[in-house]
Amino acid sequence: MSSPSTKPVMLSGIKPTGEIHLGNYFGAMRQLVELAKSGKYQSFIMVADYHALNFIQNAKEMRELSLDLAAAYMAVGLTPQSGSGEDRVVLFKQSDVPAHTELTWIFDTLTTMPYLMRAHAFKDAEAKNHEISVGTFNYPMLMSADILLYDTQLVPVGQDQKQHIEYARDTAEKFNRVFGQEVFTLPKEHIMEEVAIVPGIDGQKMSKSYGNTIPLFASREVITERVMSIVTDSSGERPENVYAIHKLIKSEAELAPIYEEHRGKYKALKEALVEDLDAFIAPLRTTYIELKDSPEKITAALERGAEQAREVTSKKMAEVKKAIGVA
Ligand code: ADP
Ligand code: TRP
9 MSSPSTKPVM LSGIKPTGEI HLGNYFGAMR QLVELAKSGK YQSFIMVADY HALNFIQNAK
69 EMRELSLDLA AAYMAVGLTP QSGSGEDRVV LFKQSDVPAH TELTWIFDTL TTMPYLMRAH
129 AFKDAEAKNH EISVGTFNYP MLMSADILLY DTQLVPVGQD QKQHIEYARD TAEKFNRVFG
189 QEVFTLPKEH IMEEVAIVPG IDGQKMSKSY GNTIPLFASR EVITERVMSI VTDSSGERPE
249 NVYAIHKLIK SEAELAPIYE EHRGKYKALK EALVEDLDAF IAPLRTTYIE LKDSPEKITA
309 ALERGAEQAR EVTSKKMAEV KKAIGVA
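First residue of the sequence shown? That's 9 in the numbering used here, and the numbers climb one at a time after it.
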């Protein structure tokens with residue numbers, strides 16, 4: 009890897025809030041991994057456990073989900089810093105880097121309530137009459153700190169996160185203006201193209217909240233059980249929910265003869281999907297299981313990542329503290 013300062017910084021974060029499924033992989037992870045592997049960036053990938061704390065308030069669950077997410081990222085091809093080559097990334101846990109919450113406080117003093125009240129997530133919660141925690145209200149400031157601490161230029165996220173990047177940019181501008189110094193770099197979002205929404209086994213959007221997922225590291229038994237329960241209706245030419253998932257792993261040209269041969273035979277088409285999914289998932293599953301069997305490998309990677317992240321952020325925090333006059 010060339011000297012860290014020569015490449016633009018890319019950073020993204022994922023909340024450890026549930027079992028990773030095919031929708032997550034094809035909708036977000038795959039593109040993130042491709043960008044990281046391009047070798048064009050210095051990449052920071054973060055397990056956003058303090059963001060997840062707004063949803064997961066159980067120690068055992070938090071520990072497991074955070075470890076699972078890190079293992080998932082390693083299994084799908086992110087190479088933490090110990091690896092060699094252009095594609096290695098700094099993979100770390102947000103809670104291991106205290107600067108994130110420290111900078112959040114500083115941003116809190118610059119940010120107004122009305123400004124945070126314009127956040128979509130806040131407005132949605134209000135519209136539903138949900139009682140909203142201060143952590144949820146303040147979510148955009150923690151996310152701004154995540155991004156700005158690393159002089160991040162590029163933030164690959166889904167469309168739903170666009171507003172959060174605007175918050176980070178505005179916050180950087182405000183800080184620089186108020187304290188009269190260019191301490192923070194203004195980040196840009198990279199909106200990852202929506203792969204057509206991946207449907208779940210019931211035809212709705214695949215989501216952990218709907219219990220309709222196919223887990224990314226599913227065993228053959230689970231794949232079979234889930235695929236066989238994909239809801240099909242017999243009105244069309246082909247079972248669309250089966251086809252939509254099949255299309256993620258095979259081209260339309262490859263699928264045409266299969267769907268022609270088994271026209272109207274939904275069971276045979278589902279069996280073909282089980283075969284193809286299992287072939288696609290098997291190598292990922294093997295790596296994932298190996299990692300999960302040696303959790304010390306995951307924690308060691310996260311610890312190394314946290315050290316790297318702390319090195320970067322302590323320099324930035326020294327600059328920040330000088331700029332605001334506490335150091
Ligand atoms: P869930 O809906 O299961 O709670 P998340 O909201 O945690 O999933 O998803 C994380 C990211 O994964 C989203 O930002 C989105 O980009 C992607 N994603 C999730 N489900 C799908 C889906 N069914 N189709 C396409 N992308 C998805
Ligand atoms: N809020 C993001 C999400 O829900 C996760 C996240 C936390 C993040 N910190 C980040 C994404 C920093 C990009 C950069 O998906």
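C-beta: ideal position from N, C-alpha, C; glycine also.
With fewer than 16 other beta carbons inside 10 angstroms of its own, N66 counts as exposed. Here the residues close to the ligand ADP, judged by CB distance below 5 angstroms to any of its heavy atoms, are G31, N32, G35, A36, G166, I205, V206, K213, M214, S215 and K216 in chain order. For Q316, no beta strand (DSSP E) run applies; the uninterrupted alpha helix (DSSP H) run containing it begins and ends at P303 to I332, by DSSP.
At least 7 angstroms separates the beta-carbon of A83 from that of L256. With a threshold of 6 angstroms, the Cβ atom of S243 does not count as near the ligand TRP, since no heavy atom of the ligand is closer than that. Taking all protein chains in view, the Cβ of H128 is surrounded by fewer than 16 other Cβ atoms within 10 Å, so the residue is classified as exposed.
Excluding its 5 nearest sequence neighbours in each direction, Q161 has C-beta neighbours in its own chain below 8 angstroms: P16, V17, M18, T193, P195 and K196, listed in chain order.
In the assembly as shown, H172 is a buried residue. Its beta-carbon has 16 or more other beta-carbons within 10 Å. With contacts defined by Cβ atoms closer than 7 angstroms, M125 and G166 do not form a contacting pair. The three-state secondary structure of F288, taken from DSSP, is helix.
Placement of the Cβ of K196 at a distance of 6 angstroms or more from every heavy atom of the ligand TRP is found.
Taking all protein chains shown into account, A261 has fewer than 16 neighbouring C-beta atoms within 10 Å of its C-beta and is therefore exposed. Apart from sequence neighbours up to five positions away, the residues of its chain that approach T25 with a beta-carbon distance below 8 angstroms are A60, F63, I64, L73 and K216, ordered along the chain. The beta carbon of G85 is closer than 6 angstroms to those of V41 in its chain, skipping five residues each way along the sequence. Cβ neighbours of R271 within its own chain (closer than 8 angstroms, five residues either side excluded): E245 and R246. Taking a C-beta distance under 7 angstroms as the contact criterion, D159 and S103 do not qualify as a contact pair.
The closest CA to that of Y49, considering only T14, A79, Q39 and K278, is found on T14.
In this structure, M125 has its CB at a distance of at least 6 angstroms from all heavy atoms of the ligand TRP.
In the three-state scheme derived from DSSP, where H, G and I count as helix and E and B as strand, S152 is classed as helix. A331 places its beta carbon less than 7 angstroms from that of Q189. The beta carbon of K170 is closer than 6 angstroms to those of E197 in its chain, skipping five residues each way along the sequence. CA-to-CA, the gap between S152 and K278 works out to about 44 angstroms. In the DSSP annotation of this structure, the continuous segment of the alpha helix (DSSP H) that includes P122 starts and ends at M121 to L124. A direct Cα-to-Cα measurement between A287 and K329 gives close to 53 angstroms.
Approximately 16 angstroms separates the beta-carbon atoms of I22 and P223; this is outside 8 angstroms, ruling out the contact.
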